[in-house]
Each structure stands twice: as structure tokens, then as C-alpha cells.
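Structure first, then comments.
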Amino acid sequence: MPVFRWGQSWDPFRDLEREVDQLLANVSLFHGIRFGRQYPPVNVYELDNELLLTAELPGTRPEDLEVLISGGVLTIKGKRSGPEGISDDRFRRQERSRGSWQRSLTLPAHIHEERLAAEFTNGVLCIRLPKSQGTSSPRQIPVTNGKPRNEGGPEKEMDDQPNPTLPDPQDANPQDA
Amino acid sequence: MSNEIVRATESAPLPPPEFSVDQVVFTPPIDIFETAEGLVLQADLPGVSSESLELQVQDNKLSLFGKVALPVPPEARLIHQEYQIGHFLRSFILSDEVDHERISAKLNQGVLEVVLPRLPKPEPRRIQIQTDSK
Chain V
4 MPVFRWGQSW
14 DPFRDLEREV
24 DQLLANVSLF
34 HGIRFGRQYP
44 PVNVYELDNE
54 LLLTAELPGT
64 RPEDLEVLIS
74 GGVLTIKGKR
84 SGPEGISDDR
94 FRRQERSRGS
104 WQRSLTLPAH
114 IHEERLAAEF
124 TNGVLCIRLP
134 KSQGTSSPRQ
144 IPVTNGKPRN
154 EGGPEKEMDD
164 QPNPTLPDPQ
174 DANPQDA
Chain H
2 MSNEIVRATE
12 SAPLPPPEFS
22 VDQVVFTPPI
32 DIFETAEGLV
42 LQADLPGVSS
52 ESLELQVQDN
62 KLSLFGKVAL
72 PVPPEARLIH
82 QEYQIGHFLR
92 SFILSDEVDH
102 ERISAKLNQG
112 VLEVVLPRLP
122 KPEPRRIQIQ
132 TDSK
């Protein structure tokens with residue numbers, strides 16, 4: 004059985020998927036999805052009373068992970084370092100990313116910031132964003148009889164309104180940038 | 002080399018039968034580095050717990066299959082997606098230089114670390130020379 008060798012010395016490995024990996028890494032649908040955008044990629048889930056934001060951060064020590072919230076902007080920061088005392092020339096293979104990262108996300112308006120909680124399990128960060136009271140049930144808005152306006156006004160104004168119930172968080176720097 | 006790829010794909014272990022097809026399977030990224038004792042392999046397996054990780058050495062093949070559990074309750078609705086969740090599968094061929102009996106592994110915060118010690122070099126053996134004394 005032919006064994007693929009790299010490096011001069013002892014090489015007991017032949018990685019079955021190596022060639023395939025390299026092809027994929029170059030064309031890189033996988034890397035495009037995972038790393039082409041902001042790091043780390045996040046998913047957001049909705050439950051009746053809270054939103055859950057998850058990110059995969061394997062190998063990050065909990066003490067190297069920071070979750071901050073301020074003025075409706077959630078910031079997560081962290082770092083992952085390589086194994087201690089192992090110089091780069093000892094690596095036969097290096098595919099796992101390392102380094103520091105930071106990402107900020109704008110939270111939807113109806114989040115209870117003080118009751119935010121985060122846990123880190125099996126390398127997956129899960130941040131719980133409790134919805135504040137009152138937004139889960141529809142709120143009745145009284146319509147009063149106003150003065151008639153000049154024509155052309157009302158419809159256009161309605162279209163310009165952003166949808167206030169859209170829970171989709173967007174990356175930071177909303178309109179100010 | 003293209004033959005190699007085909008063969009490699011064919012010899013990849015099949016996931017266990019209870020594995021549901023609607024899930025994605027990823028090849029986890031790995032690091033391999035050398036230490037004084039042998040090699041260390043690290044693989045990123047976020048969302049895999051030690052109970053749901055299968056690590057096998059059969060003949061000279063090391064294979065890992067990590068089953069991922071959803072990090073959220075099943076009734077949660079996905080409303081924004083930037084990454085896909087999938088199980089993890091990858092295999093490696095070990096050479097005879099690895100001491101299969103002493104392979105050890107641990108899983109910490111979604112990272113699998115497999116220690117592959119080198120077989121001790123056999124001591125040089127003195128061979129007695131006999132003579133036909135006749």
C-alpha cells in the first residue's frame with residue numbers, strides 16, 4: 004500500500020481525505036461559508052420567550068471568552084492559541100484556525116439586556132436573549148381621529164418604516180457607519 | 002494520485018445505521034504535531050460530547066465519528082443561519098510505527114486529542130555465534 008510521505012522523519016500517517024480536503028480548500032465552498040464572512044458565524048433561534056444565539060468555538064478556554072452587552076449591541080470576543088511549547092516546524096498538518104477574534108451584533112429592540120445569559124458546552128457558545136415583556140403579545144395601538152393631511156403623504160411614509168418586529172439581528176454598526 | 006482519492010473515499014467508514022440522512026456530515030479540521038513520544042492529533046468537533054464520539058482503531062485504520070447534538074431545544078425555530086450543523090467523520094491510516102496498544106484520547110470543549118505514541122525501538126539483540134566443534 005503506497006504511503007504518502009511529507010517531512011523527512013517518522014511519518015506514520017496517511018490521511019485518507021487529504022487530497023480531497025486540499026481540493027475543497029481551494030475551491031472552498033466550505034471555507035466560504037464558514038470563514039469567508041465575519042468570525043465566528045452565528046445562528047439565531049427563536050423560542051416563545053427568548054432568542055438563542057449560538058456559535059461554534061471549539062477549543063476556546065472559557066476564560067478566554069468574553070461576552071459584553073452595551074446599548075443593544077452584543078460583542079463576543081475570544082482567542083484560541085496553539086499547543087504550548089510546540090514550535091511550528093513540529094506540525095505535520097495544520098488546518099485548525101487560531102488567533103483572536105471579535106464580533107459585534109445588533110440585538111433586536113425587545114431584548115431584556117440585564118437577563119442575558121451565556122453558556123459554553125462542548126465548544127459551542129449559546130447566548131440566551133430573553134425577550135422583554137409585552138412584545139410577545141400583540142399590542143393594541145389606539146387610532147385617533149386626526150386632521151386630514153395633504154394627499155400623497157400616508158402611504159409613502161408607511162413604506163419607509165422598517166419592520167419593527169423583525170427579530171433578525173444584523174451585524175454591528177447599523178446606520179452610523 | 003487520482004486513484005488514491007477514489008480508494009480513500011471508498012474506504013471511509015460508513016456512519017452508523019441510526020444516522021439520519023437529513024443531517025450533514027463534515028470532515029473536521031485537524032492538526033497533527035510531533036512530540037518526543039510520538040504524534041498528537043487534534044480535531045475540532047464542536048457540539049460532540051464524549052458519549053456521542055466513536056473512536057476506533059481497526060487494523061491500521063483510525064476512524065472518528067462524532068455525533069452532534071443540537072445546542073438548542075428541538076422546538077426552537079432557526080431564524081438566522083450562518084453555519085450548518087453536522088456530524089463529523091474522518092479516518093486515517095496509521096503506520097506500524099504507532100503503538101496501537103497505547104493510543105489514548107480525550108475530548109475537551111469540542112476538541113478531540115488523540116495521542117499516538119511511537120513504538121519503542123527494539124533493543125539490539127546479540128546473536129550467539131555457534132561453531133561446529135568437531
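Read top to bottom, the protein sequences are chains V and H.
Counting from 4, one number per residue, gives the positions in the first sequence under this note's numbering.
Counting from 2, one number per residue, gives the positions in the second sequence under this note's numbering.
We put the CB at the ideal spot given by N, CA and C, even for glycine.
Predicted, not measured: the structure shown is a model, and the values here were computed from it.
- Counting along the chain, residue 80 (chain V) sits inside the beta strand (DSSP E) bounded by residues 76-83.
- Distance check between residue 80 (chain V) and each of V:47, V:145, V:107 places V:107 closest, using alpha-carbon atoms only.
- H:99 is the residue among H:27, H:124, H:56, H:99 whose C-alpha sits nearest the C-alpha of residue 38 (chain H).
- When secondary structure is reduced to three states using DSSP, residue 119 (chain H) falls in the strand class.
- Secondary structure note for residue 109 (chain H): its beta strand (DSSP E) is the uninterrupted segment 105-109.
- When C-alpha distances from residue 64 (chain H) are compared across H:55, H:123, H:125, H:75, the shortest belongs to H:55.
- Assignment of beta strand (DSSP E) within the region 23-66 of chain H, counting only whole runs of 3 or more residues, yields 25-27, 31-35, 39-45, 49-59 in chain order.
- In this structure residue 61 (chain V) is in contact with residue 111 (chain H), their Cβ atoms being roughly 3 Å apart against a cut-off of 8 Å.
- As the crow flies, the alpha-carbon of residue 34 (chain H) is around 18 Å from that of residue 62 (chain H).
- Judged by beta-carbon spacing, residue 63 (chain V) lies beyond the 7 Å limit of residue 72 (chain H), meaning their Cβ atoms are not closer than that value.
- Annotation: the continuous beta strand (DSSP E) that includes residue 95 (chain V) extends over 94-97.
- When the alpha-carbon of residue 36 (chain H) is set against those of V:43, V:94, V:99, the nearest one is in V:94.
- Only 27, 28, 29, 30, 31, 32, 33, 34, 35, 36, 39, 40 from the region 24-40 of chain H bring a Cβ to less than 9 Å from some Cβ of chain V.
- Identification of chain V residues near residue 76 (chain H) by a Cβ-Cβ cut-off of 9 Å yields 50, 51, ordered along the chain.
- For residue 45 (chain V), same chain residues with a beta-carbon under 6 Å away, outside a window of 5 residues either side, are 56, 58 in chain order.
- Residue 48 (chain H) belongs to the set of residues whose beta carbon lies under 7 Å from a beta carbon in chain V.
- For the pair of segments examined, the region 111-120 of chain H was found to touch the region 38-49 of chain H: the number of CB pairs separated by less than 8 Å reaches three.
- The C-beta of residue 97 (chain H) has fewer than 16 other C-beta atoms within 10 Å across all chains shown, which makes the residue exposed.
- C-alpha of residue 90 (chain H) to C-alpha of residue 53 (chain H): approximately 12 Å in a straight line.
- In this chain, the beta strand (DSSP E) harbouring residue 102 (chain V) covers 102-109.
- When the beta-carbon positions are compared, residue 48 (chain V) and residue 79 (chain H) come within less than 7 Å of each other.
- Interface annotation, residue 81 (chain V): not in contact with chain H, CB-CB separation never under 7 Å.
- Interface criterion met: the Cβ of residue 57 (chain V) is under 7 Å from a Cβ in chain H.
- Assigned with DSSP and collapsed to three states, residue 64 (chain V) falls in coil, not helix or strand.
- Residues of the same chain with a CB within less than 7 Å of the CB of residue 105 (chain H), apart from the 5 flanking positions on each side, are 116 in chain order.
- DSSP places residue 87 (chain V) in the coil class of the three-state scheme, outside both helix and strand.
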